[in-house]
Structures are given as structure tokens and as C-alpha cells.
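First up is the structure itself, then whatever we jot down about it.
Residue numbers (my numbering): 255 to 465.
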């Protein structure tokens with residue numbers, strides 16, 4: 255079942271990304287394009303984060319059933335390890351998806367260096383990725399203790415969908431900041447190969463506007 259979910263997730267992400275990049279190639283007036291950006295941010299980019307947050311809720315439910323790891327027996331280990339694996343997998347998938355989006359935006363920015371909003375979104379992806387890597391590192395060193403659980407929970411509380419700016423926030427940021435604030439952006443190295451990596455969507459966009 256999990257493998258089927260992963261396969262379907264890959265298919266949907268690929269379709270959504272392809273549709274988005276096809277959309278921004280078209281010559282819309284600004285407000286029409288702003289609507290497309292807003293829809294993509296809310297219904298695609300932020301939904302990726304919500305999926306991982308939902309998986310963490312499953313992990314918290316399991317932790318509650320096991321008294322938040324205050325006392326762990328051998329009988330509990332299969333279920334605990336399964337939940338940790340599933341959460342870790344979701345995080346790695348999200349990291350790879352963000353990496354793919356970052357790289358697509360890098361190509362877009364090369365074609366349209368006036369588009370500061372592209373860099374703002376890229377920086378947001380990088381900042382979230384750093385937080386996700388901290389969580390993944392915590393999961394990797396799991397010692398099944400209450401202290402470890404509380405540390406992981408605290409790290410996860412730093413992941414918020416508001417880390418991805420809305421279109422109105424992008425407008426304000428672009429008005430008050432300059433390209434020099436976003437030089438030499440680099441997506442963190444993920445290292446681990448995820449079960450699913452979204453295929454790159456080629457972007458030959460010739461039309462892009464600064465927010």
C-alpha cells in the first residue's frame with residue numbers, strides 16, 4: 255500500500271509541476287499570473303509540507319500510545335521502527351521535491367534575472383530544507399528515549415507552511431529587498447536517495463515578470 259501511495263504521489267507531483275511550468279510560459283497579464291502563482295503556492299508547495307506534518311501527527315499518536323518513549327520494550331520496536339522509517343521517508347521525499355523545484359527555478363532565474371520573487375522562493379525552500387535535515391538527523395540517531403522524542407518534536411515545531419511566502423508577501427519582500435540579498439543561493443545537500451524523486455520539468459520559459 256505504501257509503495258502504491260508513493261507511486262501515485264510521484265505521478266501527481268509530476269503533473270502539477272508540469273502544469274505549473276506550462277502555465278507560466280504563457281503571456282498572462284500580471285494579475286492573472288499572480289493568481290496562478292498563488293494557487294500553486296497554496297495548493298501544491300504548501301501541501302507538500304502539510305503531508306509531512308500529517309505524517310508527524312501519526313508519529314506523535316504512536317508515541318502517545320507508547321508513553322512518549324519513557325519506557326520502551328522489545329515488543330514495541332517493530333511498530334516504532336516502522337513509524338520512524340515512514341516519517342523519514344516522507345521527509346526525504348520532500349527534500350528531493352524541493353531540490354527539484356529549486357533547480358527548475360534556477361533555470362528560470364537565469365532566463366529572467368529580473369525576477370527577484372524567484373530567488374525569494376528559492377531561499378524559502380533552502381531554509382525549510384535545513385530544518386528538515388535537522389529532523390532527519392534526529393530520527394537517524396533515535397535512541398528511543400523521551401529526551402530524544404521531545405527534541406525531535408521541538409525541531410518539527412519549527413516547520414510551518416508560513417515559511418513559504420504568499421504572493422502578497424512576495425510583493426512586499428521584492429519591494430524592500432534587492433538581488434544582492436539573494437546571491438549564491440545553494441540548496442542543501444540531501445545525500446540520501448529518496449524512494450521517489452520527481453523528474454525534472456524542463457523550463458524554456460521566455461516570459462516571466464517581477465512581482
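All residues carry an ideal CB built from backbone N, CA and C; glycine is no exception.
The beta carbon of residue 322 sits closer than 6 Å to those of 400, 403, all from its chain and outside the five residues before and after it, given in chain order. Residue environment: residue 309 is assigned as buried (16 or more neighbouring CB atoms within 10 Å of its CB, all protein chains considered). Within its own chain, the residues whose Cβ lies closer than 7 Å to the Cβ of residue 345, once the five positions on either side in sequence are excluded, are 306, 386, 389, 390, listed in chain order. When C-beta atoms of the region 290 to 307 are compared with those of the region 346 to 353, three or more pairs fall below 8 Å, so the two segments count as touching. Here DSSP, grouped into helix, strand and coil, assigns residue 409 to helix. Distance from the Cα of residue 353 is smallest, within the candidate group 338, 336, 382, for 382.
Close CB contacts of residue 314 within its chain, under the 8 Å cut and outside five residues either way in sequence, are with 407 (chain order). Rounded to whole angstroms, the Cβ separation of residue 330 and residue 339 is 15 Å, and the two are not in contact under 8 Å.
Annotated as distal: residue 424 and residue 373, with beta-carbon spacing of 8 Å or more. DSSP, reduced to helix, strand and coil, places residue 440 outside both helices and strands of the structure shown, so it counts as coil.
Put simply, of 363, 368, 442 the residue whose alpha carbon is nearest the alpha carbon of residue 379 is 442. Within a 10 Å sphere around the beta-carbon of residue 430 sit fewer than 16 other beta-carbons, which makes this residue exposed. Between residue 295 and residue 418, the C-beta gap is smaller than 8 Å, which places the two residues in contact.
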